[in-house]
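Here is the structure we will look at.
Residue numbers (the numbering used here): 4 to 74.
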């Protein structure tokens, strides 16, 4: 969970992760699947974590697809 200043720039941090993964896929390096979700008036924190988890698995599948396209 991210709080404070990192929470305010989460989109920038996620962009850096995407850039890292793009370079890692090109060079055969290690990729890092990640997902995030911000609180949006949800009934509880579990909903935020569930969305983040779903986003992480979506990212993981995208990375697998991109890796398979390189091989």
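Built from N, CA and C at the ideal position, the CB exists for glycine as well. Predicted model only: the values in this text are computed from it and were never measured.
Annotated three-state conformation of residue 41 is coil, per DSSP.
Per DSSP, the unbroken alpha helix (DSSP H) holding residue 51 starts and ends at 48 to 73.
If you draw a straight line from the Cα of residue 29 to the Cα of residue 65, it is about 15 Å long. In this structure, residue 5 sits away from residue 20, with a CB-CB distance that is not shorter than 8 Å.
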